[in-house]
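Asks:
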Amino acid sequence: MTFLELKNVGKSFSSANGRRAVLSGVNIGLAEGEFVAVVGYSGAGKTTLVSLIAGLDAPDEGDIRLEGRPVTGPGPDRGVVFQNYSLLPWMTVFENVFLAVEAVAPRLSRAEKIDRTRHFINMVKLESASNKKPHELSGGMRQRVAVARGLAMKPRVFLLDEPFSALDALTRATLQDELLRLWEENRQTVFMITNDVDEAILLADRILPLTKGPGATVGPAIPVDIPRPRSRRGLSLLPGYQRAKKRIVDFLLSGVPPADNGPGAGSEGGVQ
Amino acid sequence: MKKKVDPSPYLLPFVGLFFALFVWTLLSATVAKDLPSPYRTWTESKHYILHPFFKDGEMNQGLGRLAFYSLVRVVKGYALALLIGTPLGFLIGLSKKTSQMFDPLIQVLRPISPLAWLPLGLVIFQKSEPAALFTLALCAMWPTVLNTAVGVRSINPDFLNVGRVLKLSRWQMFRKIIVPASMPYVFIGWRLSLGIAWLVIVAAEMLTGSPGIGGFLWQEYNALVYSHILMSILTIGLIGFILDRLMGLLEKRFRTT
Ligand SMILES: Nc1ncnc2c1ncn2[C@@H]1O[C@H](COP(=O)(O)OP(=O)(O)OP(=O)(O)O)[C@@H](O)[C@H]1O
Ligand SMILES: [Mg+2]
Chain P
1 MTFLELKNVG KSFSSANGRR AVLSGVNIGL AEGEFVAVVG YSGAGKTTLV SLIAGLDAPD
61 EGDIRLEGRP VTGPGPDRGV VFQNYSLLPW MTVFENVFLA VEAVAPRLSR AEKIDRTRHF
121 INMVKLESAS NKKPHELSGG MRQRVAVARG LAMKPRVFLL DEPFSALDAL TRATLQDELL
181 RLWEENRQTV FMITNDVDEA ILLADRILPL TKGPGATVGP AIPVDIPRPR SRRGLSLLPG
241 YQRAKKRIVD FLLSGVPPAD NGPGAGSEGG VQ
Chain B
1001 MKKKVDPSPY LLPFVGLFFA LFVWTLLSAT VAKDLPSPYR TWTESKHYIL HPFFKDGEMN
1061 QGLGRLAFYS LVRVVKGYAL ALLIGTPLGF LIGLSKKTSQ MFDPLIQVLR PISPLAWLPL
1121 GLVIFQKSEP AALFTLALCA MWPTVLNTAV GVRSINPDFL NVGRVLKLSR WQMFRKIIVP
1181 ASMPYVFIGW RLSLGIAWLV IVAAEMLTGS PGIGGFLWQE YNALVYSHIL MSILTIGLIG
1241 FILDRLMGLL EKRFRTT
């Protein structure tokens, strides 16, 4: 059984000049423990895709299933890191994470909740900023809080919407390395949106290119054949990197599916 | 290079003040002969200012006492306005149905002058004190109602999405997200409401003859002591200014950025 499955999903929004299809015919399948990245142009409908999986918005057509159960609304089994972090500005770092722990694990004792909150704040190395408000933090620190909050929910799937795109290149690289380390330790199912091809190759098992909208759809899955544990150093020299990059860039530039020349490629974003 | 401090922000208000005093003096010396000059106003009123807490009967009391009576009344009526206005604002902001139900009503009630409510209050309560509070609450609550509703409606949808992903209960959503997120607007409402409450209290005291700064003003008008009218007016303005500043400070302390 596919862990997370989108079948023929379509979504349109009404605008001044009629309805406009944002996504159409999107088919995606994720296996448990898999890291999948979606790359696409700005405005292609990436956030819309995340909202649909998160259940914050409903698709007009098709259906979305998590572990066989249809997604009908939002829930803590799908932890979301929003594109703009969405930390609650009136709460401290600790309170932001604690809110998530409290919401998903109401049965824990207070001490256990505090422990769990601390654990995830430490995991993203923010213990010293625990009592700060979001506006006192740098962009990178805010993003870490958002990641800690998402992880603290212990979701079945972790949905990341361009988590690092608002950061400078150095901070971005650091956080990518941290995410890579966290993921290789926990092997959580991750569905990440990004507009950075290198980021996708560094982190993901498979990459799904999103065609240019309107009516964007997911192209054939591009596997990343780079063994784990991975590291940024020397990554671009690996043949697996070069193959993946070429296929993604070809696809994004031409909009045409690339020739089927890799193992397991070609199926419409399905699980191999 | 030595940094020069521009003194004009501190000096210009005094220039404005002197200008006003000049116009006042000019008026009292020319067209309005009954209007006491600033100097006469001071000599005739200084007893009330320098001994703010003396009491020679119901209406003849120091400015401090008079202001205190008015402030107590304002606090009571204002509290009532917030107690009714804030929940009503949240209700209207949260539910489209309540908004449709109450919006037209609010638009009709809002422009009604305190002078119109007061007689109704007197008819209902038969006593001046509750009638004054009734008027105060009815006039002062609208900015709170409207700003709270606007605050709730303009909450960043991302904050609500955070609550939805966490599946917060309705109550948790309200307490942890909706209330704090709309607080900046609620505070604007509270501040405007306080301003109106202070406007209304003076009118209500004048009409009911209750002891307080407004009641005193009206009595001195009837007694033809014009300098005391001027003193009362200045006091009313000054207290209103201080109240607004205090609310401004409070707002800053609680601002969520
Ligand atoms: N609630 C909505 N109502 C109307 N149109 C919407 C809505 N949400 C998104 N859209 C439109 O759908 C399209 C895709 O938006 P979306 O935010 O999903 O893009 P994106 O790929 O995430 O872009 P970015 O890279 O800038 O984050 C845009 O043209 C946007 O205007
Ligand atoms: Mg987006």
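Just so you know, the protein sequences line up as chains P and B, in that order. For what it's worth, this note's numbering labels the leading residue of the first sequence as 1, then goes sequentially. For what it's worth, this note's numbering labels the leading residue of the second sequence as 1001, then goes sequentially. Positions of the beta carbon are idealized from the N, C-alpha and C atoms, including for glycine.
1) Who are the Cβ neighbours of residue 1219 of chain B in its own chain at under 7 Å, not counting the five residues just before and after it?
2) Rounded to the nearest angstrom, what separates residue 175 of chain P and residue 149 of chain P at their Cα positions?
3) For residue 1215 of chain B, I'd like the list of residues in its chain whose CB is within less than 6 Å of its CB, leaving aside the five on either flank, ordered along the chain.
4) What is the residue span of the alpha helix (DSSP H) that residue 1177 of chain B lies within?
5) Who pairs with residue 1018 of chain B in a beta bridge, going by DSSP?
6) Which of helix, strand or coil does DSSP assign to residue 157 of chain P?
7) Please list, in chain order, the chain P residues whose beta carbon lies closer than 8 Å to that of residue 1034 of chain B.
8) Which parts of the region 1086-1154 of chain B are runs of the alpha helix (DSSP H), unbroken and 4 residues or longer, counting only runs that do not cross its ends?
9) For residue 1063 of chain B, which option in B:1213, B:1254, B:1044, B:1056 has the closest C-alpha, if you only look at C-alpha atoms?
10) List the residues of chain P whose Cβ lies closer than 7 Å to the Cβ of residue 1164 of chain B, in chain order.
11) May I ask you to check if the CB of residue 83 of chain P is nearer than 7 Å to at least one heavy atom of ligand 1?
12) So residue 76 of chain P packs on residue 134 of chain P, CB below 8 Å; how close in whole Å?
13) Starting from residue 186 of chain P, trace the alpha helix (DSSP H) in both directions and tell me its first and last residue.
14) How long is the line joining the alpha carbons of residue 1252 of chain B and residue 1068 of chain B, rounded to whole angstroms?
15) Taking only beta-carbon atoms, is residue 1168 of chain B less than 8 Å away from chain P?
16) Measuring only from the beta carbon, is residue 212 of chain P closer than 7 Å to any heavy atom that is part of ligand 1?
17) Return the residues of the region 1115-1145 of chain B that lie within a Cβ-Cβ distance of less than 8 Å from chain P, sorted by chain order.
18) With DSSP as the reference, label residue 1159 of chain B as helix, strand or coil.
19) Between residue 57 of chain P and ligand 2, is there a pair consisting of the residue's CB and a ligand heavy atom that are separated by less than 7 Å?
20) Using CA atoms only, rank isn't needed, just tell me which of P:157, P:233, P:136, P:13 is closest to residue 5 of chain P.
21) At a Cβ cut of 8 Å, what residues of the region 95-111 of chain P count as close to chain B, listed as they run along the chain?
22) Could you name each continuous alpha helix (DSSP H) segment of 4 residues or more that falls completely within the region 97-127 of chain P, going from the start of the chain to the end?
23) Please list the partners that residue 976 of chain B has in chain P, where partner means a Cβ-to-Cβ separation under 7 Å.
24) Taking the continuous alpha helix (DSSP H) assigned at residue 1046 of chain B, which residues delimit it?
25) Where the beta carbon is closer than 5 Å to any heavy atom of ligand 1, which residues qualify, in chain order?
26) Is the beta carbon of residue 1137 of chain B sitting closer than 8 Å to the one on residue 1118 of chain B?
Replies: Result, derived from the coordinates:
1) 1059
2) 15 Å
3) 1205, 1209
4) Neither: residue 1177 of chain B is in no alpha helix (DSSP H) and is coded neither H nor E.
5) Answer is none; residue 1018 of chain B lacks a bridge partner.
6) strand
7) Neighbours of residue 1034 of chain B on chain P: none; closest Cβ ~56 Å, over 8 Å.
8) 1096-1109, 1114-1125, 1128-1153
9) B:1213
10) 56, 74
11) yes
12) Wrong, their Cβ atoms sit about 21 Å apart, outside the cutoff.
13) 169-186
14) 26 Å
15) yes
16) no
17) none
18) helix
19) no
20) P:157
21) 99, 100, 103, 104
22) 110-123
23) This structure cannot speak to residue 976 of chain B, because chain B is shown only from 1001 to 1257.
24) 1038-1050
25) P:13, P:22, P:42, P:43, P:44, P:45, P:46, P:47, P:48
26) no
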